[in-house]
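J.:
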Amino acid sequence: WMRWHKLANVLFAGSVEGEIYMWKIPSGDCKIFPGNGEKTETAAVLAD
1 WMRWHKLANV LFAGSVEGEI YMWKIPSGDC KIFPGNGEKT ETAAVLAD
């Protein structure tokens with residue numbers, strides 16, 4: 001899955017190992033949030 005945060009220009013994607021990737025666009029900076037070995041299947045981007 002992938003989710004776009006239109007206000008922050010950030011793209012999130014999940015992996016089959018459970019990691020969540022966050023890319024800042026257009027800089028390309030990437031942060032990887034560790035998984036727990038289980039597939040991540042969905043996400044929601046919510047306002048603080």
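Quick note on my numbering: the sequence shown kicks off at 1 and runs consecutively.
C-beta atoms are modelled at their ideal positions from N, C-alpha and C, and glycine is treated no differently.
The beta strand (DSSP E) that contains residue 10, what's its start and end?
T.: Here the beta strand (DSSP E) through residue 10 covers 10 to 14.
J.: Would you say residue 43 and residue 1 are within 8 Å of each other, going by their C-beta atoms?
T.: A contact, by the Cβ cut-off of 8 Å.
J.: Rounded to whole angstroms, what is the Cα-Cα separation between residue 47 and residue 39?
T.: About 24 Å.
J.: Have a look at residue 32 and residue 6 and give me their C-alpha separation to the nearest angstrom.
T.: When rounded, the distance between both Cα atoms is 20 Å.
J.: Smallest Cα separation from residue 36: which of 16, 8, 24?
T.: The shortest C-alpha separation from residue 36 is found at 16.
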